[in-house]
Amino acid sequence: MQFHAASLGSAIPKNNFDATIQSLFDSSLNLRLEHEDRLITILISDHYDLPQGIRLDEKIPLHSLTVGLRAASRGGILRFDSSPLTIDLRGAPIWEGKIPSLILPSEQAWSITWRVLNEQQRLKNTELIADDLFQSRSLHPPFGQRAGQAEQGSLLARRLRQPILQLIAAAEQLDSRSAKDAAQNMIGLGPGVTPSGDDVLIGFLAGLHSTAGNEKERPAFIQTFGESLLLLSEETNEISRTYLYHAIHGQFSSSIIALLDAIHNGDEPRLALVSKETMRVGHSSGMDSVTGLLIGLCVWNKENSYA
Amino acid sequence: MVNKLFEQDLQVINVGLSSFADSIQQAGAKSLQLDWRPPALGDKATGEHLAALVNQPDVEAANRIAFDRFMLAQPVLIGVASARDGVPDFGERTLLHAGPPIEWKRMCGPMQGAVIGAILFEGWAENQITARGLAASGGINFAPCHHFGAVGPMSGVISPSMPVWIVKNEDRGNLSFSNLNEGLGKVLRFGANDPSVLERLKWMAATLGPAMDAAVKVLGGIELRPIIAQALHMGDECHNRNAAASSLLFKKLTPALLKTDFPQGDIAKVLEFIAGNDHFFLNISMACCKSMLDAGHGVPHSTLVTAMARNGVDFGIRMSGAGDAWFTVPAPMVDGLFFPGYSQADAAPDLGDSAITETAGIGGFAMGAAPAIVQFVGGTPQDAIAYTREMLHITMGVHSGFTLPPLNFNGSPAGIDARKVVDTGIQPVINTGIAHKDAGVGQVGAGITRAPLECFTQAVNALAVSS
Amino acid sequence: MATAQRMIKNLYRDSVSLMQFSEKLRALEGVKQASAVMATENNISLLVEAGLLASAVPPSPNDLMIVVEGKDDSSTGAALDQAEGMLKAKSTETDEGGVRRVPPRSIEMGLESMSSANFVLISTPGEYAAAEARKALQLGLHVMMFSDNVSIEEEIPLKQYAREHDLLMMGPDCGTAIINGIPLGFANLVRRGDIGVVAASGTGLQQVTCLIDRFGGGITQAIGTGGHDLKSEVGGITMLQSIAALTADPQTKVILLVSKPPSPDVMKKVLEKAGQSGKPVVVIFIGADPASVTHGKIIGVKTLEDAAVAAVNFSKGKALKKFSNSMPAKYSAVEKSSARKLKKTQKYVRALFSGGTFCYENLLLMSEALGPVYSNIPLKKEHKLKDVWKSQEHTAIDLGDDLFTQGRPHPMIDFRLRNERIIQEAKDPSTAVILLDVVLGYGSNMDPAGELVPAILEALKVAAKAKRNLFFVGFVCGTDSDPQNLTRQQDMLREAGVILTESNAQAARLAAAIVSGR
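Residue numbers (the working numbering), protein chains in the order written: chain A, 1 to 307; chain B, 1 to 467; chain C, 1 to 518.
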């Protein structure tokens, strides 16, 4: 049964490769590449791309596959052991997944997105509500201060608060060791197959990448921090580790990139729409990464008006 | 037919490697993958006996007859009498009990307690010790209720002086019996036998029984199927939930009772007694089911299951084509939820003739109509419907008289086919109360249990060998 | 209050259903608090902080940790059991209202879902297969039994019942069939046409049907009788029944029978029945003298390839050509050039088969040309391999034999054993030619060439290091419509240096010619 890939992420190997099915979900599956310690993802979606993704825009019978089954791509066709399922990768457009060039978010765009984020998190009753991370300390006016309120938020939020503050300070000061210490307390933390802590880090990296600009200390910080994150990522599961790997290399999902675009353009009506779309990914994954993204966007924007 | 096959679209049932089913679908034909496992837990000989019976013309014909007789039964409550007077051939020193045959020394705690209570009630012994002695001596004729056309819940002990409901199948004339329900708490059927229990039994024999008999006769008999059918539309399943049926019965009996010339005081006590017991109808429900199933029993080659019963030690079934044989295995523990303070460690194994309700297609088989029951045993209304649907796969048909509203008023699955149980591995589901393993404590929980597969494999083997 | 935890290894569920799962967990009777998270170090410390874990446990980030706090040990234990059950439960079909349905377990129950089913394909372990087949036949369904290890005593009553009720009982030990164009078991997607095939051999059926397709013909039906049908005790019940059916089938214009030679009494009955058909019948009893078969409209042939050629010729109304017993001229050049490159020590053919019938046909043809050929299924007792794991002189082995397949998938699916043997033969200085069959189709490995090529290249390297040329001869049994992409498979093999012929017979003759010509 032949299917055609609608697009390929830039991280999909160009030549023949071998893999094993690592996990199976309703509309996606992960393959562990034979000679590399990372996963690639086959996803069924008409618009969502990943750097490590093979996107199909029609439903395929995943029920004929099982975890542990071997797969191989030969001559551009991906096949699975004892399954007639084949995916033709040839001719599919490559999706790059790289962060758009330097963006300077306006205070307005940022605030709108932050507001939508918190609304959605409260609506969906997720464990992590972005506001809860910052109620006891004023960082920037957007965060505000709610004096006299007792520590609030879930146990998860309380656990993330201190490391996130440390992470922000470390990034401001370009202190990669401190950043690593902060990240150590966030890795693998929280519910979900991609734990919340990981998603926040990924969003944070997206924020950093997009505001690093040309001054060489910032990219250098990202590089060093990235190396230690790579080591730390051993402490979380394989699936989340792959997403971290790509984030470290400046590659993100199409929904993160779309959101960054929308924030950059400042087109407000569209912004609310795009943010909600991004936040819809996974159960809390999308929202957690937007949390990290918005925090990350603030770090090196001190010179900006609202700082 | 081979040449006909060449003209048809291929539609394949795939038994085994699922990749074959997938290939067939890829190639453009229909295939159905079975969730197959070796029948009878892998016992090859039973599997062969089973294969000999599937779609066998003799068996199919016999089952049609048995099922029709079962379906056409018209059980009518015609009166109440003492077991001695009402039950044919009821010998003098006879005690009936629930479940398949069992001797005194193997009986579980609650049943021994009930036996002692019955002995004291009859005056065959003076006290607990001499009663025990008598029971152990061989001086009592113990027999399953079923052997006398009767059924009793929990210990199900029936002695000569006890009043019994008399149910007559107007279609074929067979008679069925059950004792009257004592209520909840400290009662004989859970093994209690202190003076309060005996007092109550005496009152039931002297007053309650005769009053019921009089009321029933005023009515000219009570048709039982309509009551059960209506109760099923009101949230009962007539095994573990009988509140609606008991209320419907109360409505019928009250005016009738008032027309008799019983003293007002007695009538008041009787009505109070019945009103206070939501399970009063249970024993009648059981006798009704017994009546219907007895009608279908005794058809040679038929695989209709006509009884499922437990005595607290063994679980046994009977099958229409297998005569008087019992097919028994040790009774399973019930996996259920326990009342506060109790746990699995306190439980007696499954006990009672009340599984006759499931055998007839109500009780656990009608769980879809009694969602309230499911909460009690830890599930959801969807689970209840799923259980009922599951039973459709092992029954010969649905009950023409008992329909279930949540299932679009489809009939309740009825007529367990022993072959299908063995072939699919789907075991009949039973809603049941759990008794404390010590005599006299009472009910400690409730749950859903399954009839053991081995009873059905024994039955299939017996039939195949005798054919 | 009691807490309990359980680690579920390597079980991946998406985050949405993990959330739903956690909610269901919390709703269980007796559960006060519950959580299901990946067992990372940070999560473990979070659980300890939340009071759900008494103390930290070693982290294993790819596993799922379930923790519950309940009123006592038995409720937490019960909750964990239920949780594990929920995770492991296969998703069964639900209808509106989300009521779970029981998937069909027995054939009879299957009929409830698919009431117009007309066929049952059985591949259960052998001890249960006969009982399932009996039920299927009694329910009025045709049967194909892939399972083997079913006794003759069980087979005979099944076939007798089938005959009495005009039902097909294909098997036991029937691995291949094509009914109404649908491949069943290990089979190929073959063009429809007017040739009806009845075969007692799976790979024999595959070879003739694939060649018929390649030569431009097509089939009506390809019925498998199972490997024991033509034994005396069984009496050819299914083959006779099938010949009758194809006789009566208006779409079938040519009949083709494939088998090893049956016992004489059965052969007589079969040929009689074939003669009564009034249609041209091509018969390949592999190993029998064609002349002993040819009579009237019945044509006996020597090889599977000849059978396909003859059948297609009849189908197209062409004159029947005379069959040659030697290697086709088109291979002369490659035969000579290969023979020249062999060293003195390199004398032998090592033929490694996944199909038993291919091995058998090969033994017949190669022994005609070369003399004794050793095997695990030899033509003569004295040519049985002393050790099946080590070749002797000319060797042809059937890797599908029980000896090799104990505890392993069939060689048409799993190539490891064959690949190891290829390297082993390459190391042997007396090996000149390695011969391989490559079988495509449903049920077979999805990329046989991909599996073989690395071993072939490795073997060539090994030989080259010892300054030897090594030759691979093979053939691909498949059609353009098979899932494996025939052209690509052939290209890959040729690129690796394999000399591809069109059939098993040609491969055998070419290999024999190469070693003879040195």
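Beta carbons are placed, not taken as given, at the ideal position from N, Cα and C, and that holds for glycine.
Taking a Cβ-Cβ cut-off of 7 Å, the neighbours of C/P183 in chain B comprise S23 and A27, given in sequence order. The beta carbon of B/Q344 is closer than 6 Å to none in its chain, skipping five residues each way along the sequence.
For C/D437, there is no enclosing alpha helix (DSSP H); the enclosing beta strand (DSSP E) has its first and last residue at T431 to V439. Identification of chain B residues near C/D166 by a Cβ-Cβ cut-off of 9 Å yields M1, V2, N3 and K4, ordered along the chain. Against chain A, the beta carbon of C/E420 has no neighbour under 8 Å; the closest one sits roughly 18 Å away. Closer than 8 Å at the C-beta level to chain C, one finds these residues of the region 339 to 354 of chain B: S343 and Q344.
Counting along the chain, the unbroken alpha helix (DSSP H) around B/A229 starts and ends at L224 to L232. Taking each of A/Y48, A/A258 and A/E268 in turn and checking the Cα distance to A/G282, the smallest one comes out for A/Y48. Counting only the Cα atoms, C/D306 lies some 56 Å from B/N63.
In the DSSP assignment, no residue is bridged to C/S147.
Secondary structure of B/S196 (DSSP, three-state): helix. Cβ proximity to chain C below 8 Å picks out K420, D423, T424, G425 and I426 from the region 414 to 426 of chain B. Counting only Cβ-Cβ distances below 8 Å, C/F146 has contacts in chain B at G16, L17 and F20, in chain order.
A/T86 and C/G140 have their alpha carbons spaced roughly 37 Å apart. Around B/N141, the same chain offers G91, R93, T94 and L95 as residues with beta carbons nearer than 8 Å, after the five sequence neighbours per side are excluded.
If you draw a straight line from the Cα of C/T220 to the Cα of C/D482, it is about 18 Å long. Look at the beta carbons and you see the region 223 to 230 of chain B touching the region 399 to 410 of chain B: at least three pairs across the two are nearer than 8 Å. Beta-bridge annotation (DSSP): C/Y442 is paired with C/A187. Against chain C, the CB of A/F80 has a partner CB under 8 Å away; the residue lies at that interface. Considering only beta carbons, the part of the region 43 to 59 of chain C lying closer than 8 Å to chain A consists of N43, L46, E49, A50 and P59, in chain order.
Note: B/R106 is not bridge-paired with any residue in the DSSP secondary-structure output. In the structure shown, the three-state DSSP call for C/T252 is coil. In summary, B/R200 is buried, with 16 or more beta-carbon neighbours lying within 10 Å of its beta-carbon over all protein chains present.
In this structure, B/A81 keeps its C-beta atom at 8 Å or more from the C-beta atom of B/D353. For C/D491, the enclosing alpha helix (DSSP H) starts and ends at L486 to E495.
In this structure, B/G296 and B/T306 form a Cβ contact; the two beta carbons are roughly 6 Å apart against a cut-off of 8 Å.
Close to chain C, meaning a Cβ-Cβ distance shorter than 7 Å, are the following residues of the region 392 to 414 of chain B: H393. The Cβ atoms of B/P452 and B/N311 lie no closer than 8 Å to each other. Shown here, C/Y360 sits in a helix according to DSSP, grouped into three states. Using a Cβ distance threshold of 8 Å, A/L8 and A/I239 do not count as a contacting pair. Here A/W95 is bridged, per DSSP, to A/G9.
Using a CB distance cut-off of 8 Å, C/H142 counts as an interface residue toward chain B. Counting only the Cα atoms, C/A50 lies some 11 Å from A/S154.
In this structure, C/F21 keeps its C-beta atom at 8 Å or more from the C-beta atom of C/G441. CA-CA distance, C/A455 to C/S201, rounds to 29 Å.
Relative to B/V197, the option among B/K168, B/V167, B/G117 and B/T457 whose CA is nearest is B/G117.
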